[in-house]
Each structure stands twice: as C-alpha cells, then as structure tokens.
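Numbering (UniProt numbering), first residue to last: 1 to 1083.
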C-alpha cells in the first residue's frame, strides 16, 4: 500500500497481519498503536486512549489498565517509540517508519502539491499507493483501516488526475474507470477519463462516454461543466489529429529522465525551452517528445528553415519596413500552411491558426531569432491558454512564463551505450574493446553528436584508430545526410554558435578558450577585463560556458569548443591580444611567489602560493605555451618565471609528478645567464628543485652544472646559497653543511638529509636534521625555512615507525600553523598524519572508520593523494572490511599508472607493498567475508598470486637501480619485505590453502617447490628488514611485519635476522638481488 521499505521494517499497521520489524503484533498492544495512529498528530489524552481501546466497556481501573498496555507496548517497540505527552501519550516513531502516518503525510503533501499545480510531485508522493485490504483483527484496527481506506481513495483520485494532467494516459486509465464508477458525478475524474480514453482507446469511445453523461444531465435540467466541455473538444480534435514535421523515431539513449522531466513540464507550462550547447541532443529530445505527445495537434518547425540566417527577422532591411516580430509571424504562418491577409495583422492570423485546443508547437533551433520569438510568444501565450510551445535553443528566451530545461552531456555509461548502439549499426558484429572505448569516450565529452559522428567512423576504422585521430578529425567527421548542414559536423555546430556572437562576445570567448577548464570570475576579469561578469553571463546564456556548483562558481568550456575557437582565431590580432592577456595574468600570479621565496615575510608566502595553486591548471597550460607547446614559439624568460613559481608551489604540495614532468624541460633555459634579478631568481629556483629532487630525477647533468654562471650582481643571500649548492657536485654537498653562511647550510642540509635517508641511514638523517635545526634556530633564517626542516624531521620520525614522536611533532607544527599563515595543503597533510598516528597508537575499528570519514572531506594534494589512498586500504582492513581493503588499494594502484612520474617511483613501490601486505593480512586472519568462499575466494587468490608476480618483477627492476642516485633504500626495503612475506605466506598455504584453494593459484601440485619458496621468501624478508624499511604505515611497521613472518616460522626468522644484521647494507642489497632472481625463477 505504502512506499516500500525494507521487507517487514517499521510499524506495519495496514497489512493483513500487522507487525513491528517483521514480528507479529496483536492484542491490546496493537489496539493502542492503532488508536494513537488514527489520532491527529498520533497523540492523545488518557481519556481518548481509554475510549478508543475499550469503547463503552472500560475496565474498573481504566488508567491503571492503560499503564499496563503502555508498558507492554514500550517493551515491544522500545521506550523511545511511545512517550508521555501532556496528559496522554504520543507515538514518537519517525513517520516514515509507520505506514499509516506515512500515508497521512503523503496524502496531505499530495493535496498541497495538487493545489500548487505540481502534478509531477503528486505522482511521486502517491507512488506505490493502492487499495487497503483486510477486515481488521479488532475494532481499533478496523477503524484505522477505514480511515486509511478513505485517505487512500482521496490520494488515488489525486494521482489519477495528476497522471491525466501530465499526459500519462495509459497509467491514468488504470485508475480512472473505477473512480468514475464509484462517483459518476465527479466531473474532474470524468473529464480526465475522456481525455485518456480518447488517447489510449479511441476518440469514438470517449465521445460516446461524454454523450451518455450529457444526456443524463439534460434530463436533470443541467449541462456539463467547463472541464467536461474542454475534454469533449479534446476528444473531437483527437478524431482528426494533425502531425507536421515529425521524423521517424530513433532510439533515444541516456535521455529517459530528461524526456520525462520535459514531458511533465509541457503538461504544466505553456512555454518550455530546452537549452544546452550545440550537439548535446536538443533536437533529438524535442522530436522524441513530439512523437510521444498526446496533443491532438503537433507541429514541429525548424527555425533555420522557417527563418534562415540570411533572412533573420532581427536583421530585417529598412526597405521592407516590417517589424522583426511581424515578419517572423508571417514566416511561421507560411510554415504551417496558412496565408495571412493584408487586412489582418500577421500576429493575429498566427494566433487564430494555433487556437485549436490541445496544440503543441515545437520550434527547433531558435537561438538566432530568440529576441523576436520572445516578443511574439509572450502576448500570444497569454491569449491562448490551450497552446503549448517547446523551444530548443542555445540561449533562453528570458520570459517569465518560461520553464528552462538545461540539457547536460551524457553520463559515461550512457555515452558508452550510445556509441555501442551506433557503431554496431554502422558495422554489425565488430569488436568494441572496452579499453579503447575508455580512451575515446572522455574526448567526446558526452556530446551525442560527437559520439554519433565518431561511431559512424567505425564503418572503416577500429575504435582505437578513431581515438588516435581525434580531435584532429573534428572538421571531417560527418553525420547523416538528412541532418541540416550546420548539424552534420561538430565544427559546423560550433561555427553556428560563433556566428551568433557579437565582437565583444567573440573576444571574450577567445580569451576564455585560452584559460584552463574551471577558471574563476577573478581570472576572467584579469584576462577579459572589467566587463567579464557580463560577458561570462552572455556566453553561458549561449551555452558556450557552464558554471558549476562551487562557491564561488568555476566556469567550464567543452574542449571541442575550445579547440575549434583556438583554431578559428589562430594567427589573428585577436589571438595575439588574447595570448598576451593570459600571459600577463599567469605572470601576475607567479611573480609574487618569487618575490617572497626568501621567506622573510612569512605572512605573504602561504597566500601567494595558495593563490597560484588555486589556478595551477591555467598557469601550467601557459607554461606549456611559453615552452612552445601550441605553435613552437618559445618565451624562455616567461617560462622560467612560471616554472619556478609552480615548482616552488609543488614542492610544498607533493607535486612530484608535475616536478618530474617540467624540470627536464626547463633545465636547459635555467643554466643561461639572466638579464634581470627576477630571471636570476627564477633560474636558481628551477635548479634548486632539480637538485633537491635528484632522488627522483637523478643528478644534475654535469654539462649543465658547468654552464651555471658563477654569480649575479646584488643577488640575495638566499639565492646566492642556492647558486653555491647547484654549482657544487652532489658528492661534495656534505662540505657545505658546516659553512658559516646559514643559508648555504640550509640549502645543502635538506639535500644531504634526503641522500642519507635514501641510502638507508634514516637514524643518521634524523640526527643531522636535528643538529641542523638546533644550529639554524639561533640564526636569522626566516621561520618558513625552519618549518621546511621541521617537516623533513617529521617525515623521518614516521619512517622510523616512531608514531608517538610523530604525533607530538604534528601537534606542535599545527600549533605553529595557528600562529602563522600556513599553506592549506601542508595544514591538511599535518592533520591527516596526526590522525593516522592516533590510530596507529590505539588501533580500533571505530578510530579507523572516523579517519576514513575525515579523509574523504580533506583536500590532499599531489602524490600525497595516493599515499592517503593506500592508508585508506589499511584503515578498511582495520575496520573489518577486507573486501573494501582488497579493492581500494588495487584501484589506487591502477590510477597511479597514469601519474607522470618515472617507473619504479617510491609511490608505486609503496602501493605494491600495501597491496601485497593486505593480501597477507587477509590470508593470515581468514578475514575473507563468508560470501567470498568458493569461486570468489579463488578469484581473490588468483589476484593475490598475480600481484605477487607483479611485485617480483617490479622489485627486480628496482634493485637494478641500487647504484643510482635516485635509489630509495628504505622504500625498496619495505617493498622487498612485502614481496618476501607474500611469497612465503603463499607457499606456506595460509588461509587460501585452508579453503581448498591452491596456495599459488594456477600451479599444479608439485610444480612449485613450496618449501624452497618459503625459505627464500623469509630470507628476502629478513635481509630487507635489516636494511631498515620505511615504516610510515602501520601495515609496514617492523613489529607488524615481524609478527606476520614469525607466524610462518619463528625460529628460522630469528636466525635469519641475526645473520642479516651482521651484514652491511650494500651486501644486503646484493643478497636481495640474488634472492629475488631465485624467487622469480620459481614463481
């Protein structure tokens, strides 16, 4: 009867067998609940309740008896379900949990929606309602059912009328005949029935029903009311329907919701405008609407044919003397096959031609006549209440009566379905590879026109070939011949939009096309000028821009529009001016970062860097153009300023992938002589980021180091220190640590600490970091530079697994952040690290769940996103959700494959180690959920085996880099621990084997020497553990790893560790190379 809940959930008083959460109710408990539910507000005084329970024969002590019933009811439902209210009691369960109260509320809201003329809301509110069945098990229950029956009947009447008003006649016919039979004099129901019958059965049957009712009224001396007379006219018109301009229907994929919304809007609004960018499918939606519409008269007119661009009514020539609106009216008259007369104004004649009741006029592609059309339709709709107009346009008409439906691009799922449908129609039985589709579809941006044009290309190409040629083939992809010329290519669609813009709008669009997607109003004002807000509004009105829901909003442009606008203006004066404006804007964000990089004005550092990061995509795009990405023309000085500012910002926001991508492109320019101080600062900052990230990028090439100028006039101590560092061979950096110049010691200190850390001497790195901080705290070094050393120290504490020390340091640094401006990215990272330490020190499912919830809303920048993602997998495991842990880490690992960083980078190794150890933990604890047994468990084991083999391959490659500068021993050791432990666990059997799944899935018994794999795996584990793994994660902490290894063979592990600790790191790394090779041969 009511909207379905979970099976048996809540208080079900209207069922044949009343229940509470699936448990039967009976006796006085049921009676009391029925009495309360029937009262207004579900509450009543004691006298009311006694009367309802016992009618005219109450017990001798009615109040005491009532108390007994209340007590029993509370025992069944809980004390919170029934509470004291004044001198009585109230049923205080949520209304949605009590079927009768839900019915009362929904019926009340449905009546309000009907009064407000919102039939779609009425239909939603009455969804699932039906007739009340059952005779009742007691007098109070019978009275409640009678009340509910009356409520349901009224609600079903509202639903039937609303369905009829929305034109959903087939659904309405399921209710209307019985309602008309119950009350033959209900003219509203009868009128809806006649309309519905004329559409679903035949106009003749509807007219016969009307005639029978009219004769009965005439015998009583009465006549049908206005609702029935209008329905009669509708049925008469349905005998001779008019259909003009409808196309053969095609499958409309992914637009079911849009179609229903627009149909409902047409039923309740006289003017509906479907708007959106070119190619988004406005015409197809309007045609589908017209083909399904029950209106007796439907006319679909293409305004590019009725009033083509060459005869734009807005541009009526002076010799004609006709007003644009009158001329448009004459053209519409001619299009529907009517001719006006000189004695009758064209607007009047058009209104008379459209005056037939139940007329739907669909005007397609109206953006070029929007102004005149608005002036024509406004007065006409006011005088013709039976006329409904649907307009498709890239701009709205801006009339008060206009309902606007903005058509968005298709979702990814719908886009894939549309492509498959059209591609298979073009070349049946072709193979459509999911990976190829995943590469192509994002470029098509959900635009149905682009999708259909690309799908048509599969007549002679594979999907991969189409993807390789897009967007280069934008201009040559053509659609069906029966489409208008301007809709047959995506470039023609965009050209049409361009032609409708005036010169200021075109200049604004050209500048916006050079900005990265998602720019702000402030960015637009810097590039477009003071009129930017007006221009953006006008471009959005033309569906060339969209504003998202952010606060403040960011503006987006389809990449196809951006590409074709840039192509159209390439080489023009407008393009040059636009490029200059964007370059000035980007440099205006970059220069303040360079100006504060000595850190002397700490309160200015964070705002400058945060402002740059907020527009990172746009500035990075301009950096690419300055390096010649668009036209090959380079602007090295601008590129160095932009690059230096971005690299500095990325150094504090974990932007290692960006650093790896841009530093190599800037190095050649950075070693040239500077012409001014800004250029000199930019060069030194670029070189500093290069050497500070030598662990990622490798050492600075010797030929470039030797070309760095020895000095620059009047440079600051900060810049001079960087120059000394980058001109010094990295093997000699240690000698700079004791330099009397504090800036030089600071510049060298962080680099040397990182080198010690990567060589596995984390303890030595931390001691050096601490001594450097003690020395420099007494200097005049700015606080922001000391903070960088503090963050290095925090990283080393966590790497050593000192979570208590890490918690203390995070707390201290956050207190510093409260006193000084700190970058948003760094503040977020410190909060996350603090919360992780708290969980590691006192692990529990509740703490893990809280951390996951907080992390979801916490903005984490750059590559730190992946680290927190892998921590999420660990937290899911701690929370007792092995399935989520298993999939979360793997999903992030696959996402990392797209990061622009060298293969075998620390994040990849860290991610692989996390996946392997999650597999080990699941196997050790038998944590696989019950529904993962059988085939699902075998799938898990297959994935775990595949991950182990992938890990072995990656570890082999990582260990081959042991002599390179970029080799990170702690992270590699962590990874080797995970690989060794995973191999030993798999060969030992673990829980996979206990469940009847071979430990190394895919191998036949006897194919693998399991005992040897266990031995090699544990030996690899112990050698890596002796090297000192990175313990930033609890999953990779030494105690946790040892516990897992000793669970396999404690005696052997302890003996192997004793032997490993007697070797130096270089010998251990060589031994790990040998062990990994042996394992790879076996597995």
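In this text, a Cβ means the ideal position worked out from N, Cα and C, and glycines have one as well.
Report the option in the options whose CA atom is closest to the CA atom of residue i.
| i | options | result |
| --- | --- | --- |
| residue 364 | 841, 349, 187, 272 | 272 |
| residue 743 | 728, 629, 780 | 780 |
| residue 238 | 1067, 207, 554, 711 | 207 |
| residue 580 | 354, 607, 528 | 528 |
| residue 892 | 915, 445, 68 | 915 |
| residue 712 | 355, 676, 113, 690 | 676 |
| residue 919 | 972, 968, 978, 894 | 978 |
| residue 633 | 644, 591, 571 | 571 |
| residue 751 | 949, 545, 814, 687 | 687 |
| residue 1075 | 1045, 874, 1024, 628 | 1024 |
| residue 171 | 850, 906, 197, 366 | 197 |
| residue 468 | 491, 362, 444, 1038 | 444 |
| residue 144 | 71, 39, 153, 79 | 39 |
| residue 490 | 448, 519, 507 | 448 |
Could you have a look at residue i and say whether DSSP puts it in helix, strand or coil?
| i | result |
| --- | --- |
| residue 997 | Here the model assigns residue 997 a pLDDT of 40, short of 50, so the residue's position is not dependable, and the following value carries that caveat. The answer is coil: DSSP assigns residue 997 none of H, G, I, E or B. |
| residue 255 | coil |
| residue 24 | strand |
| residue 133 | coil |
| residue 967 | coil |
| residue 67 | helix |
| residue 421 | helix |
| residue 752 | helix |
| residue 960 | coil |
| residue 520 | coil |
| residue 499 | helix |
| residue 932 | Note that residue 932 scores 42 on pLDDT, short of 50, meaning its location in the model is unreliable; the coordinates nonetheless yield the value given after this. Three-state result, residue 932: helix. |
| residue 633 | coil |
| residue 672 | coil |
| residue 914 | helix |
| residue 430 | coil |
| residue 942 | helix |
| residue 117 | coil |
| residue 1086 | The structure shown does not extend to residue 1086, since the chain is modelled only from 1 to 1083, so the question has no answer here. |
| residue 174 | coil |
Report yes if the C-beta distance between residue i and residue j is below 7 Å; otherwise report no.
| i | j | result |
| --- | --- | --- |
| residue 796 | residue 809 | no |
| residue 276 | residue 407 | yes |
| residue 51 | residue 100 | no |
| residue 230 | residue 194 | no |
| residue 420 | residue 410 | no |
| residue 285 | residue 298 | no |
| residue 509 | residue 536 | no |
| residue 335 | residue 306 | yes |
| residue 416 | residue 446 | no |
| residue 43 | residue 90 | yes |
| residue 666 | residue 698 | no |
| residue 328 | residue 372 | yes |
| residue 516 | residue 584 | no |
| residue 582 | residue 612 | no |
Where does the unbroken beta strand (DSSP E) through residue i begin, and where does it stop?
| i | result |
| --- | --- |
| residue 90 | 88-91 |
| residue 368 | Here residue 368 belongs to no beta strand (DSSP E), and DSSP marks it neither H nor E. |
| residue 458 | From DSSP, residue 458 is part of no beta strand (DSSP E); its letter is neither H nor E. |
| residue 234 | It is not in any beta strand (DSSP E) - residue 234 instead sits in the alpha helix (DSSP H) that spans 226-239. |
| residue 763 | Note, residue 763: premise wrong, no beta strand (DSSP E); alpha helix (DSSP H) at 762-777. |
| residue 273 | 271-275 |
How far does the alpha helix (DSSP H) with residue i in it reach, from first residue to last?
| i | result |
| --- | --- |
| residue 50 | 46-54 |
| residue 142 | 139-165 |
| residue 828 | 824-841 |
| residue 194 | 187-200 |
Please confirm whether any heavy atom of the ligand ADP lies closer than 6 Å to the CB of residue i.
| i | result |
| --- | --- |
| residue 187 | Ligands in the displayed structure: none, and consequently the ligand ADP is not present. |
Taking the runs of the alpha helix (DSSP H) that are 4 residues or longer, which of them lie wholly in the stretch 527-610?
-> As far as the stretch 527-610 is concerned, its whole alpha helix (DSSP H) runs of at least 4 residues are 532-541, 559-569, 573-595.
Which full runs of the alpha helix (DSSP H) of 4+ residues lie inside the stretch 691-733, going along the chain?
-> 694-697, 702-705, 717-727
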